[in-house]
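Undergrad:
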Amino acid sequence: MGVFERMAEHGHEQVIFCYDRTTGMKAIIAIHNTTLGPARGGTRFKAYQTEEEALDDVMRLASGMTYKFAHTDMPRGGGKAVVLADPSNPTDKPTLLRVFGRFVQLLAGRFGTGPDLGTSSRDMACIAAETDYVWALDETHGGTGDSTPLTAQGVLAGIRVALGHVFGSPALDGRRVAVQGLGGVGAHLAELLVQGGASVTGADADPDRARQVAARLGTALEDPDRLYDVECDVFSPNAVGGVLSERTIPRLRCRIVAGGANNQLAGAKDGWRLFERGILYAPDYVINSAAPYAVIGAGELSYSAERLAASVQGVAEALGMIFRRAQVEGRPTADVADRIAEERIAAAASLRAMADGTGARRRSG
Ligand code: NAD
């Protein structure tokens, strides 16, 4: 499939291929939809098997950001970037990221970025040497720092709403939660769950990290491969994407799936698989949507501490609406979340068309 066909398939506005001959820096920036505002999304630094794989990844992630922002009150659209890590290229990572920053600057704010897989707040300082459009720098570089505490608070609020929907009470006391991934988000979440009285079983692919967190919080540990089989109220993915699949969904012994990881569903059918098993799924990009407040809200938009804290309540309200509508319509929550985002974008697009007269011109032919 050609690039334009791929763009047409999911409605991407712009895909920018960036190459610097001197350093060998290769990057792709995908701008999915700017109806609600300029595109924002993280920059991945990753070794891909093929350029097609990198293109697919960046386009998929950019559209995910559009949907995520559409469930917030932040005037931003969806974008993402990947810098292709190439072990045969002798140029160091800080230089590659700095050169990448020049390309970001050329877009004059139409795309802005922050950390993602393979990039840290510290790496953002390299990009910031060349562009004004980067956020979530580490605190020593005047940035907003770690986004995981606010993300975890949003996930906790989402878990409570899901508990209320399924069991009639949002109380954590006595609830059993299986937490997959005890990294930045997962460890904070596990701590909040324990404080709330829940009984947590954690798992992490890094055994040292798993033991450390479990010892600190006094939680149970499970082998990462066996966590899907643990009997619990909530299964909470906070590690990698694609964990809810044809293979894992039949194994789940929970009533709710609610966690902070991005792209939890392996494929489009997996939302239906959860629905058919009677498992309430909190759509990932909604339950983890406090994260962009911690980055873009705190950085670019200079939101107050009160407004950032309110994003947690925003997660709860957005999920409550999705759960109710999914129940009324008899559809999976993942489907309903996508529809709500698409309706908001379509409404904003038609308002804009009315304002600038392009809608009227189109109608009159
Ligand atoms: P992290 O790298 O700090 O933690 C991820 C943890 O998952 C690591 O400890 C890793 O060892 C573990 N892990 C990897 N594969 C695993 C597996 N199969 N089973 C169990 N554990 C496994 O990352 P993070 O910042 O905590 O992010 C976790 C997830 O949340 C990611 O999907 C990320 O995209 C998403 N997310 C993060 C933020 C944020 O603020 N950092 C915001 C929104 C979404």
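This note's numbering numbers the first residue of the sequence shown as 2 and each following residue consecutively.
All C-beta atoms in this analysis are idealised placements derived from N, C-alpha and C, irrespective of residue type, glycine included.
It should be emphasised that the depicted structure is a prediction, and the values quoted were computed from it without experimental measurement.
Which partner residues does I30 have in the DSSP bridge list?
TA: The count along the sequence shown starts at 1 and reaches residue 30 at position 29. I30 is bridged to I17, A82.
Undergrad: Ordered along the chain, which non-local residues of its own chain (more than five positions away) have a Cβ less than 7 Å from that of L183?
TA: Along the sequence shown, one-based indexing puts residue 183 at 182. A191, G203, D205, R210, A211, V214.
Undergrad: Comparing C-alpha positions only, which one of A259, A86, P293 sits nearest to R150?
TA: Working through the sequence shown from its first residue, we reach residue 150 at position 149. Correcting the residue identity first, residue 150 is Pro in this sequence and not Arg. Checking every option, the nearest Cα to that of P150 belongs to P293.
Undergrad: With DSSP run on the structure shown, which of helix, strand or coil describes R22?
TA: Position 21 of the sequence shown, counting from 1, holds the residue named residue 22. DSSP places R22 in coil when its eight states are reduced to three.
Undergrad: With hydrogens ignored, establish whether the beta-carbon of L183 is closer than 7 Å to any heavy atom of ligand 1.
TA: Translated into the one-based positions of the sequence shown, residue 183 becomes position 182. Yes; taking the cut-off as 7 Å, the Cβ of L183 has a heavy atom of ligand 1 nearer than that.
Undergrad: Are the segment 130 to 144 and the segment 91 to 108 touching by the rule of at least three beta carbon pairs closer than 8 Å?
TA: Segments in contact, yes.
Undergrad: In the DSSP assignment, find the unbroken alpha helix (DSSP H) run with G165 in it and report its ends.
TA: Stepping through the sequence shown from its first residue, residue 165 is reached at position 164. Unbroken alpha helix (DSSP H) run through G165: 149 to 168.
Undergrad: Within 7 Å: the Cβ of L263 and any heavy atom of ligand 1?
TA: Residue numbering aside, residue 263 sits at position 262 when the sequence shown is read from its first letter. First, the residue type needs correcting, since residue 263 is Asn and not Leu in the sequence shown. Yes - ligand 1 has a heavy atom lying nearer than 7 Å to the Cβ of N263.
Undergrad: Do the CB positions of Y286 and H13 come within less than 8 Å of each other?
TA: Taking the first residue of the sequence shown as 1, we reach residue 286 at position 285. Taking the first residue of the sequence shown as 1, we reach residue 13 at position 12. No, the Cβ-Cβ distance between Y286 and H13 is not below 8 Å.
Undergrad: Skipping 5 residues on each side, what residues in its chain have a beta carbon closer than 8 Å to that of S170?
TA: Taking the first residue of the sequence shown as 1, we reach residue 170 at position 169. Excluding residues within five positions, the ones whose Cβ falls inside 8 Å are L164.
Undergrad: P39: beta carbon under 7 Å from a heavy atom of ligand 1?
TA: Stepping through the sequence shown from its first residue, residue 39 is reached at position 38. Not under cutoff, so the answer is no.
Undergrad: Alpha carbon to alpha carbon, how far is T23 from R340? Give it in angstroms, no decimals.
TA: Walking along the sequence shown from the start, residue 340 turns up at place 339. Walking along the sequence shown from the start, residue 23 turns up at place 22. Computed Cα separation, rounded: 45 Å.
Undergrad: Short check: CB of A283 to CB of A259, under 8 Å?
TA: Reading the sequence shown from its first residue, position 282 is the one you call residue 283. Reading the sequence shown from its first residue, position 258 is the one you call residue 259. Taking 8 Å as the Cβ cut-off, A283 and A259 qualify as a contacting pair.
Undergrad: Rounded to the nearest angstrom, what separates T92 and A188 at their Cα positions?
TA: Reading the sequence shown from its first residue, position 91 is the one you call residue 92. Reading the sequence shown from its first residue, position 187 is the one you call residue 188. Distance between the alpha carbons of T92 and A188 is about 34 Å.
Undergrad: Applying the criterion that 16 or more other CB atoms from any shown protein chain within 10 Å of the CB defines a buried residue, is L85 buried or exposed?
TA: The residue you call residue 85 lines up with position 84 of the sequence shown. The residue is buried, with at least 16 neighbouring Cβ atoms inside 10 Å.
Undergrad: Examine the Cβ distances between the segment 24 to 41 and the segment 60 to 77 and report whether three or more of them are shorter than 8 Å.
TA: Yes: the two stretches touch, three or more of their Cβ pairs being nearer than 8 Å.
Undergrad: Output the residue ranges of the alpha helix (DSSP H) runs that lie fully inside the segment 73 to 147 and measure 4 residues or longer, sorted by chain position.
TA: Listed in chain order, they are 94 to 107, 122 to 129.
Undergrad: Can you name the residues that DSSP bridges to S200?
TA: Translated into positions along the sequence shown, residue 200 becomes position 199. Beta-bridge pairing links S200 to R177.
Undergrad: Compare the beta carbon distance of L138 and G78 with 8 Å and say whether it is the shorter of the two.
TA: Numbered from its first residue, the sequence shown carries residue 138 at position 137. Numbered from its first residue, the sequence shown carries residue 78 at position 77. Not closer than 8 Å, so no.
Undergrad: Quick check for students: name the residue ranges of the alpha helix (DSSP H) that lie wholly in the segment 275 to 301, counting only runs of 4 or more.
TA: Listed in chain order, they are 285 to 288.
Undergrad: Counting only the same chain and skipping the five closest in sequence on each side, list residues whose C-beta sits under 6 Å from that of G159.
TA: For the purposes of this step, residue 159 is taken as the residue at position 158 of the sequence shown. A259, A283, I288, V316, L320.
Undergrad: Is there contact between the segment 244 to 257 and the segment 297 to 315, where contact requires at least three CB pairs shorter than 8 Å?
TA: As far as the Cβ criterion goes, the segment 244 to 257 does not touch the segment 297 to 315, which means the pair count is below three.
Undergrad: State yes or no: is the C-beta of G187 nearer than 7 Å to some heavy atom of ligand 1?
TA: As a working note, residue 187 is residue 186 in the sequence shown. Result yes, Cβ under 7 Å from ligand 1.
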